Amino acid sequence: MFRSLIYPWFRRGGSCKRCPLDQTVDKLGLAVQKKFQIPHTRGYTLFRGFEDGALEPNCTYDGVKIYVASTLPELLISLKYLQASLKKHKLTHVGFDTEKETLSEDIPKKDSLYKQFETTKLPPKKLALVQFATKDVCILIRIPLVFKDIQDTTKLFVFPSELRAFLENEKILKVGVSASWDSHALKAEYKLLTRGVVNLDRIAKSLGHGTTSLKSLCIRYQVGINPLDLRHKQWFQKELSERSILYAAKDAIAGYRVYSSMKDQMDHKDLIFPSVRKRRRK
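Listed below in C-alpha cells is the structure:
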C-alpha cells in the first residue's frame, strides 16, 4: 500500500528487479500498518469501506438536493450521489466554486502591543468549502473537517482516490466564474490537482458581454437564481446555518445552469483552463 502511495509510477506493469529502497519502503509500510492496525490494501482502497450507507440531504433548493460533507464517509457517499447524477442525466460538466475565510485566531488583536504595528493588511484567507453541483445534486465539502477526519480515522495524510479521480478527470468540466483561482487554492493548500476547469467569465468576455459577474450572468441567461449577499460568513463554525448552505450551494448551481445555457453559443474547446492536452510520456 505505502509503496503505491509514495512511488505510484512503479505500478505501470512489467517486471523489474527490486531495489534496496523499494524493500525499505515495504518494510516501513508493514510496520505502520501493524502499529495502527490498518488493513493491507492497495493504493487508497482502504477508504472504500466508508462509502456504505445513505446520507440525507441537509436541504433542497429548486429541485436540487444539497448535501454537506464534514467527514470521510459523508464525502464518499456524497461523491457517489454526484457521480450517479452525472451518469443518470448524461452530463459532462458540474458547477464548481469554493469559499474562503480568515480564521479568527489569525487576525492580530488590537491592543497596546499592536498599535505601533497597526496595518490594514489581513492574513491570507484559508479554503473552507468546496462546492459541486449538477442538475439535481449539490455537494458542499467542508474540506478542513474532512481532512482532519481522515487523519483521525486512518492515521494517513492523503485524500481518497475517489476524490482525486473526480478532480483530475478532464472529461468532467468544472465550470464557474474565476474557477481557475478555485483550482489553484485546492492545489496550494491540499495538493489536489483539478483538470478540465472552465472560467465562465472568460467565455462571457469572448461572447461580448459587458459584465461577467455571476449575478449578471444569472440575469442575462435567466437561470432562475439570484445569488445571496451573505456578509458575515463563518465557514469554520461547527455547524453551518441553512442560509450559509444555500449561499454556497447557489453559487455552484448557478455556475452549472449558466454554462448549460451558454454552451450552445461558444466553442468551449478553446476556453478550457487549463487546456486539455495529451501529456507526453517520458
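When we follow my numbering, the leftmost residue of the sequence shown carries the number 29, and every step to the right adds one. From the three backbone atoms N, C-alpha and C, an ideal C-beta is built for every residue, glycine too. Values in this document were obtained by computation on a predicted structure and should not be read as measured data.
Item, Value
"Pull up the distance between the alpha-carbon of R70 and that of K176, whole angstroms please.", "In this predicted model, R70 has a pLDDT of only 37, less than 50, meaning its place in the structure is not dependable enough to derive any value."
"Does DSSP put T52 in a helix, in a strand, or in coil?", "Reliability fails at T52, whose pLDDT of 49 lies under 50, so the model's placement of it is uncertain and no value is given."
"Looking only at its own chain, which residues have a Cβ that is under 6 Å from the Cβ of F75, when we skip the five neighbours before and after it?", "Because F75 carries a pLDDT of 49, less than 50, the predicted location of this residue cannot be relied on, and the following value inherits that uncertainty. P188, listed in sequence order."
"Could you give the distance in angstroms between the alpha-carbon of L110 and the alpha-carbon of V165?", "6 Å"
"Can you name the start and end residues of the alpha helix (DSSP H) that V286 belongs to?", "E270 to M290"
"Please list, in chain order, all residues of the same chain as D279 whose beta carbon is under 7 Å from its beta carbon, the five residues on each side excluded.", "D125, Q159, L242 and P255"
"Would you call the CB atoms of L157 and E198 closer than 8 Å?", "no"
"Specify, as a first and last residue, the run of the alpha helix (DSSP H) that D179 falls within.", "The sequence given here has Gln at residue 179, not Asp. Q179 -> alpha helix (DSSP H) spans I171 to T182."
"By DSSP, does L168 sit in helix, in strand, or in coil?", "strand"
"Could you name the residues of the same chain whose beta carbon sits closer than 8 Å to that of K63, not counting the 5 residues immediately before and after it, in chain order?", "A caution first: K63 carries a pLDDT of 45, below 50, which makes its placement in the model unreliable, though a value can still be read off. Closer than 8 Å at Cβ, skipping near neighbours: no residue."
"Quick check: the Cα distance between L100 and Q250, rounded to an integer number of angstroms?", "36 Å"
"How big is the Cα-Cα spacing for L184 and L173?", "14 Å"
"Please check the pair G123 and A282, which I expect to be a contact at CB under 8 Å, by giving their CB distance rounded to whole angstroms.", "7 Å"
"Rank Y275, V286, K291 and S289 by C-alpha distance to the C-alpha of I167 and give the top, closest one.", "Y275"
"Roughly how many angstroms separate the alpha carbons of T162 and S106, rounded to a whole number?", "12 Å"
"Check for me: the alpha helix (DSSP H) holding I247 runs from which residue to which?", "L242 to Y249"
"Assign F185 to one of three DSSP states: helix, strand, or coil.", "coil"
"Using the rule of at least 16 other Cβ atoms within 10 Å of the residue's Cβ for burial, across every protein chain shown, is T222 buried or exposed?", "buried"
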